[in-house]
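Scroll down for the structure; my scribbles are underneath it.
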DNA sequence: CCTACCCCCAAGCCATACTTATGGCATGGA
DNA sequence: TCCATGCCATAAGTATGGCTTGGGGGTAGG
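Residue numbers (our numbering), protein chains in the order written: chain A, -8 to 291; chain B, -8 to 291.
Shown next, in the form of structure tokens:
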């Protein structure tokens, strides 16, 4: 095709060969092959070169259109490679989606303004499911200490820092004391508790068992604003991740570090080959850049 | 390209291989090569097959458009090969253009209604020039006996019958006698003559010289209607080809065969390779079919 | 746990395609 | 008229690329 266009452009087979950096017989053979499968001559051989036949002119029109399309295709792909275009779909758990991810998206937009980044909030199990279904490219998830990390088989799991858990109390609570002093869980053994998401509640139960008591969990929600509202009213105490508090801190609650409670670990998950996709790779980099500066590295 | 479309269509490399009649690694290698020059993965390999990436979807759109264009190109070319489309440009001298060629065009239109046949009138030298310039595909020409046939080198010349010359006289002329009885030129040695085109006049002169006299040529035109009008008025006698009389016979003139005057020979000329062009070949056939039935075969 | 499916990798063989070399043909100038 | 120049076609050789076979890893489904 390209050969035929060059023949038409230069008006001779030898000229096309020069233009393509080939020898004259090579071009001649290609033309012959093309004419063979066309079933009709495409050019008339004249002493001073060649002249297109009607069929040749018809083919040339199509060849030009095809060349234009090929050029458009390569331009599109190149734009994606050069990160001037492309889409990345993210699934993140809410508290990360409200803190780390927006920061990463800003960073990414700064680095590559042409990228189209789309975020949807999803708890870890749902995020993994969406990743499996091909609905998102990256999943930002977490696991609490002692829980099995997500990602079955072909998913790549990248640790992305840790998120410490904080005890959240009513300001009026006897243990509401100095904010930066760690508080032993057992001080709240007789309080009313509010749990978080399913896995968070399970972790809370397990942690308290380790501390020697069974918490009286009467409320439950994965909404950290609701949780703090209840706590602010003195209706419960809770164990909230720092990210949730970063996202929305109710000024009416007291926060203290929890003694002997290990942080949750954040992960970014993706399909193994997805890292080769330029837009996905750059998004992953941006996320890891943000998490590296905003959360402590995982300890194990 | 086609391979990638098949992969996208079947959703797996192995499926594409089955569809193409190839083995799976062959398709895999092609895809790898395509991804290499694209610079980004085009599909994600999943356990149950593959899934197109964003770049893959973009490429697929272009590939579909290109495939459509390729299909259109092959359809166009096939239409030309099957004579459902195509153009033939003819140059013919006027008297043939008024008689044989219209008949041939009708025959051709009957055989291949889709063809676009275009005719322009041109005396033999001009017709050859137009053929050389690529302005027409076929030239219908003639030469009188003793003249050198046209066609220099790379042109193919096909004899297409002969066209006898007739003496044309006023009905009142003493020699106007029985129409089918040949008349000796010398009977008109003392008449006033009208010549035709340049080559026809030269032939007239030469023929009369051979007969032993020099004709008194006072008028000249290649318009055979005008010629007959002059003759009808008794202003001259002339030597006209039968085709010219077939085209327009003035009822006021007498026509007799000319004794010892050899007919002119008709030729169809074309570029050697032009015969491979379906539309041109079929037009040539039609013309030869007509001339074969309407004019005697050339004798030499 | 095993089978089936899909994909990748490595090695070998064959075909395609480009090259060099040669000849024919037409044009233009000495 | 002869030679020189360009163009194209053909033929033969070589090498690159591409397809095949054989083997392995991994994941779903029975």
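From the three backbone atoms N, C-alpha and C, an ideal C-beta is built for every residue, glycine too. The structure presented is a predicted model; accordingly, all values stated were derived computationally and were not measured.
- When beta bridges are read from the DSSP output, residue 245 of chain A appears opposite A:160.
- Chain B places no beta carbon closer than 8 Å to that of residue 119 of chain A, leaving this residue out of the contacts.
- Spatial neighbours of residue 98 of chain B in its own chain (CB-CB distance under 8 Å, excluding positions within 5 residues in sequence) are listed in chain order as 277, 280, 281.
- What residue 71 of chain B touches in chain A, judged by beta-carbon distance under 8 Å, is 31, 45, 46, 49, going in chain order.
- Look at the beta carbons and you see the stretch 152 to 169 of chain A touching the stretch 235 to 249 of chain A: at least three pairs across the two are nearer than 8 Å.
- In this structure, the alpha-carbon of residue 236 of chain B lies about 8 Å from that of residue 215 of chain B.
- Sequence-distant Cβ neighbours of residue 4 of chain B in its own chain, meaning closer than 7 Å and more than five residues away, are -2, 15, 18, 19, 22, 41.
- For residue 30 of chain A, no alpha helix (DSSP H) encloses it, and the DSSP letter there is neither H nor E.
- Put simply, of A:228, A:38, A:48 the residue whose alpha carbon is nearest the alpha carbon of residue 123 of chain B is A:38.
- Using a Cβ-Cβ cut-off of 8 Å, residue -3 of chain B is close to nothing in chain A; its nearest Cβ partner there is about 17 Å away.
- Rounded to the nearest angstrom, the gap between the Cα atoms of residue 231 of chain B and residue 46 of chain A is 41 Å.
- Residue-level contact by beta carbon holds for residue 262 of chain A and chain B, with a gap shorter than 8 Å.
- Around the beta carbon of residue 29 of chain A, 16 or more other beta carbons lie within 10 angstroms, which makes this residue buried.
- Distance check between residue 36 of chain B and each of A:145, A:163, A:35, A:48 places A:145 closest, using alpha-carbon atoms only.
- The closest CA to that of residue 262 of chain B, considering only B:202, B:186, B:131, is found on B:131.
- Put simply, of A:83, A:106, A:70, A:149 the residue whose alpha carbon is nearest the alpha carbon of residue 121 of chain A is A:83.
- Ranked by how close their Cα comes to the Cα of residue 49 of chain B, the residues B:139, B:-8, B:129, B:267 have B:-8 in first place.
- A:221 is the residue among A:1, A:87, A:221 whose C-alpha sits nearest the C-alpha of residue 184 of chain A.
- Secondary structure note for residue 73 of chain A: it is in no beta strand (DSSP E), with a DSSP letter that is neither H nor E.
- For the 8 Å CB-CB criterion, residue 147 of chain A and residue 260 of chain A form a contact.
- For residue 127 of chain A, not one C-beta of chain B is nearer than 8 Å to its own C-beta.
- Excluding sequence positions up to five before and after residue 57 of chain B, its CB lies within less than 7 Å of the CB of -8, all in the same chain and listed in chain order.
- Not a single C-beta of chain B is nearer than 8 Å to the C-beta of residue 6 of chain A.
- Beta-bridge partners assigned by DSSP to residue 231 of chain A: A:157.
- About 5 Å separates the Cβ atoms of residue 88 of chain A and residue 112 of chain A, confirming a contact at the 8 Å cut-off.
- Annotation: the stretch 73 to 127 of chain A contains the following complete segments of the beta strand (DSSP E) (minimum length 3 residues), in chain order: 78 to 83, 107 to 112.
- As the crow flies, the alpha-carbon of residue 27 of chain B is around 35 Å from that of residue 69 of chain B.
- With the criterion set as a beta carbon lying under 8 Å from some beta carbon of chain A, the members of the stretch 71 to 105 of chain B are 71, 72, 77, 78, in sequence order.
- Annotation for residue 285 of chain A: the continuous alpha helix (DSSP H) segment containing it runs 269 to 285.
- In the three-state scheme derived from DSSP, where H, G and I count as helix and E and B as strand, residue 253 of chain A is classed as coil.
- From the listed residues B:72, B:64, B:94, the smallest Cα separation to residue 268 of chain B is found for B:72.
- In the three-state reduction of the DSSP assignment, residue 262 of chain A falls in the strand class.
- The beta carbon of residue 162 of chain B is closer than 7 Å to those of 243, 244, 245 in its chain, skipping five residues each way along the sequence.
- Judged by DSSP secondary structure, residue 40 of chain A falls within the beta strand (DSSP E) whose first and last residues are 40 to 43.
- For residue 133 of chain B, the enclosing beta strand (DSSP E) covers residues 129 to 134.
- For residue 53 of chain B, the chain A residues whose Cβ falls inside 8 Å of its Cβ are 60, 61, 63, 64, 67, in order along the chain.
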